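Engineer: Quick note on this note's numbering: the sequence shown kicks off at 1 and runs consecutively. Have a look at the structure that comes next, please.
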Amino acid sequence: MSSPRIIIEKLFADVALPSRATEHSAGYDLYAYLGDRPVKVSDGLGNVLERDCTTAASGRVFKIEPGMTALIPLGFKARLPEGFEAQIRPRSGNS
């Protein structure tokens, strides 16, 4: 049986594409693409706000405050075959 074909389109030239840490990894690692745009956050009370990222030695940084959720941009879009879905889960080391 062949692997399903997933089409990934970069929205920016410098986007890091999903990758597997090892050949036998169950899933792919995703990387935030913070760029220079604000990130949309929700305060849990129905308010959607935009927050700016900061720059650190390691690159662009975004802090999610307790009680808030954020829509983190990945910088790409993907098309999966019919009947398939994608899930974003915490890293296994964080479980």
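The beta-carbon is built from N, C-alpha and C at its ideal position, and this holds for glycine as well. Given the structure is predicted, the values throughout are model-derived calculations rather than measurements.
For arginine 91 versus aspartate 29, is the C-beta distance shorter than 9 Å?
Structural biologist: yes
Engineer: Across which residues does DSSP place arginine 60 in a beta bridge pair?
Structural biologist: Answer by DSSP bridge pairing, in chain order: Thr55.
Engineer: Once you ignore the five residues that flank leucine 11 on each side, which residues in its own chain have a CB closer than 7 Å to its CB?
Structural biologist: Gly75, Phe76, Lys77
Engineer: Alpha carbon to alpha carbon, how far is alanine 32 from lysine 63?
Structural biologist: 12 Å
Engineer: Going straight from the alpha carbon of glycine 44 to that of glycine 67, what length do you get?
Structural biologist: 7 Å
Engineer: Going by alpha carbons, who is nearest to leucine 49 out of Arg20, Gly59, Arg37, Leu17?
Structural biologist: Arg37
Engineer: With a threshold of 6 Å on Cβ separation, who are the neighbours of valine 39 within its own chain once the five nearest residues in sequence on each side are excluded?
Structural biologist: Arg51, Phe62, Ala70
Engineer: Could you please give me the residues that DSSP links to alanine 70 through a beta bridge?
Structural biologist: Val41
Engineer: Where alanine 13 and alanine 56 are concerned, what is the direct C-alpha to C-alpha distance, given to the nearest angstrom?
Structural biologist: 22 Å
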